[in-house]
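Start counting the sequence shown at 1; every next residue gets the next number (full-length UniProt numbering).
Yeah, the Cβ is synthetic: ideal placement off N, Cα and C, and Gly gets one too.
Inspection log for the structure reproduced underneath, given as structure tokens.
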Amino acid sequence: MRRPDAAFAKLPKGTVESLLKDKEKLAKILKYHVVSGKVMAADAAKLKSADTLAGASIKITAKDGTVLINKAKVVKADIVTSNGVIHVIDTVLIPQ
């Protein structure tokens, strides 16, 4: 089973520590992972892009049963929570 922090572990050394010191940048990165509404994987796969709470757009690609968000692979989809749906990805998304 994949570690919950596996995507963060792939970041260059010192990145997480740096982000923890820069709350504004950390908040922007976290908001870049969130879209409005409850979007299930089947619905997301039909989209080409989605606007994030950070004000930027993410690219969505679906092929052969694999969904990519920008270049991050969705490794576990449709985790329904009380306030949304979580899709676990294998890479931290960094806004450009």
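CB-CB under 6 Å to residue i, same chain, minus the five flanking residues each way: which ones, in chain order?
| i | result |
| --- | --- |
| residue 131 | Since the first and last residues shown for the chain are 1 and 96, residue 131 lies out of range. |
| Lys59 | Ser49 and Asn70 |
How far does the alpha helix (DSSP H) with residue i in it reach, from first residue to last?
| i | result |
| --- | --- |
| Ser49 | Unbroken run through Ser49 is the beta strand (DSSP E), Ser49 to Asp51; no alpha helix (DSSP H). |
| Lys28 | Lys23 to Lys31 |
| Asp43 | Ala41 to Ala44 |
| Ala54 | Per DSSP, Ala54 belongs to no alpha helix (DSSP H) and is neither H nor E. |
Looking at the secondary structure, which residues open and close the beta strand (DSSP E) in which residue i lies?
| i | result |
| --- | --- |
| Ala77 | Ala72 to Thr81 |
| Ala62 | Ser57 to Lys63 |
| Gly84 | Gly84 to Ile89 |
| Ile69 | Thr66 to Ile69 |
Alpha carbon to alpha carbon, what distance is there between residue j and residue i?
| i | j | result |
| --- | --- | --- |
| Thr61 | Ala77 | 14 Å |
| Asn70 | Ile79 | 20 Å |
| Ser57 | Asp51 | 4 Å |
| Asp43 | Glu24 | 31 Å |
| Val75 | Ile29 | 19 Å |
| Asp5 | Leu26 | 15 Å |
Rounded to whole angstroms, how far is the Cβ of residue i from the Cβ of residue j, which I believe are closer than 8 Å?
| i | j | result |
| --- | --- | --- |
| Val67 | Ala45 | 5 Å |
| Ala72 | Leu93 | 6 Å |
| Ala7 | Ile89 | 6 Å |
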